[in-house]
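Oh and the sequence shown: position 79 is 78 in numbering that gives the first Met the number 0, straight run, nothing missing.
Using N, Cα and C, we set each Cβ at its ideal position, and we do this for glycine too.
Every value quoted in this text rests on a predicted model; they were computed, and no experiment measured them.
Take a look at the structure below.
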Amino acid sequence: MADAEVGDDVLDGDPTVRRLEAFAAEWLGKDGALYVPSGTMANQIALGSWLRPGDEVIAAEDAHVLLYEGGATGFLHGAQSATLPTTRGAFDEAALRAKVRPDFIHCPPTALICVEQTHMGSGGSVVPADALAMVRRVADERGLPVHMDGARLANAQVASGIPAAELAACADSVSVCLSKGLGAPVGSIVAGDADFLERAKRVRKRLGGWMRQAGVIAAGGLFALEHQVERLADDHALAKQLAERLGALPGLACDPSLVETNLALVGVDHPRHDPASLAAALADHGVRVMPLSPTHLRFVTHMDVGQPELERLEAACAAHLG
Ligand SMILES: Cc1ncc(COP(=O)(O)O)c(C=O)c1O
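Written out as structure tokens, the structure reads:
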């Protein structure tokens with residue numbers, strides 16, 4: 000990163016940003032890609048490129064784009080949402096069909112379907128290829144675009160053995176975070192075809208997400224895509240081990256067979272602790288974990304933690320729960 004060749008991406012282009020965008024586009028099987036500051040911005044650039052005020056977007060009831068992006072879909076694009084329950088990120092076909100609005104003046108026009116890969120709300124599950132193909136089929140029948148929030152698409156590739164481009168083939172636009180398990184300090188990618196990218200560039204500009212000498216940080220993103228994908232398998236193995244070991248402690252529950260990637264949702268049912276109080280207690284041991292709901296903690300494994308940290312975590316949990 001310190002040696003990155005830089006230019007002005009807002010004027011005539013930053014060479015490192017261009018290399019990252021070209022590499023990402025190729026990996027994702029899309030015409031092109033844009034480097035942007037965050038996963039939230041990548042998703043919202045995509046939504047802003049597909050939606051007009053008054054439109055409706057179909058997404059999972061726990062979709063990141065709807066629940067964890069500060070209400071941006073309404074705030075920024077004037078669009079509303081129609082939500083569906085999922086089975087570990089996969090829509091039911093009949094339910095999805097039923098959610099697409101009829102072409103009727105009283106109804107909001109359905110303008111986009113969103114999928115999330117991996118699906119965060121169910122603990123990083125890989126949405127199967129046939130479930131994605133079904134979404135594409137329904138979208139084609141109704142003439143709708145599909146956006147994939149692929150924040151952890153690289154994890155899905157490693158866990159399933161299916162190349163990212165294949166997993167993203169169902170989508171007209173796809174976002175990917177370089178700053179999560181891939182370990183880059185900053186940045187995300189949003190990719191799609193040439194028409195999409197023209198609109199996306201305008202939305203990126205409006206959101207202030209077009210950065211100038213961004214090669215310094217883009218170099219970290221490029222390194223992540225070139226060298227850090229395969230090692231995600233280590234994070235997945237550690238998350239499974241975490242599930243086995245914490246799930247065996249009193250008051251905690253986690254089924255390791257449900258841990259497919261780098262997230263482990265651990266249920267807390269204990270006389271003295273709920274997820275929030277246990278997270279606060281673990282913070283005193285240097286363990287940072289997110290209470291995802293009133294019943295579950297969300298543990299994330301990544302390149303900065305390994306066996307010694309798992310031992311420390313297990314001991315800290317045992318001390319508070321025993
Ligand atoms: C599924 C999903 N999409 C998008 C994002 C947004 O990423 P960022 O935190 O970079 O805005 C996250 C972040 O946790 C996520 O889990």
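What whole-angstrom Cβ distance do residue i and residue j have, given they're in contact under 8 Å?
i: ASP30; j: ALA138; result: Actually they do not touch by this definition, with Cβ atoms about 19 Å apart.
i: GLY246; j: PRO14; result: With a Cβ gap of about 48 Å, GLY246 and PRO14 do not count as contacting.
i: THR300; j: ASP254; result: THR300 to ASP254, Cβ: 17 Å. No contact.
i: VAL228; j: VAL157; result: 7 Å
i: LEU152; j: ALA167; result: 7 Å
Can you tell me whether residue i sits near ligand 1, meaning its C-beta is under 6 Å from at least one heavy atom of the ligand?
i: ALA150; result: yes
i: SER37; result: yes
i: MET210; result: no
i: MET302; result: no
i: MET119; result: yes
i: GLU115; result: yes
i: HIS63; result: yes
i: CYS169; result: no
i: CYS316; result: no
i: CYS106; result: no
i: CYS176; result: yes
Anyone know if the C-beta pair for residue i and residue j falls short of 7 Å?
i: ALA242; j: ALA263; result: yes
i: ALA41; j: SER174; result: yes
i: ARG87; j: SER48; result: no
i: VAL189; j: LEU33; result: yes
i: ALA3; j: LEU50; result: no
i: ALA223; j: ALA278; result: no
i: ARG244; j: GLU313; result: yes
i: PRO290; j: LEU281; result: no
i: TRP209; j: VAL16; result: no
i: ALA150; j: TRP26; result: no
i: ASP148; j: HIS63; result: yes
Once DSSP output is grouped into helix, strand and coil, what is the label at residue i?
i: ASP129; result: helix
i: PHE22; result: helix
i: ALA275; result: helix
i: SER124; result: strand
i: ALA110; result: strand
i: ARG151; result: coil
i: HIS146; result: strand
i: ASP8; result: coil
i: LEU291; result: coil
- Query: Where are the beta strand (DSSP E) runs, 3 residues long or more, that stay fully inside the region 164 to 249, in chain order?
  - Reply: Whole beta strand (DSSP E) segments, 3+ residues: 172 to 176, 187 to 191.
- Would you mind listing the alpha helix (DSSP H) stretches within the region 35 to 93 that are 4+ residues and don't spill past its ends, in chain order? For the region 35 to 93, whole alpha helix (DSSP H) runs of length 4 or above, ordered along the chain, are 38 to 49, 63 to 66, 71 to 76.
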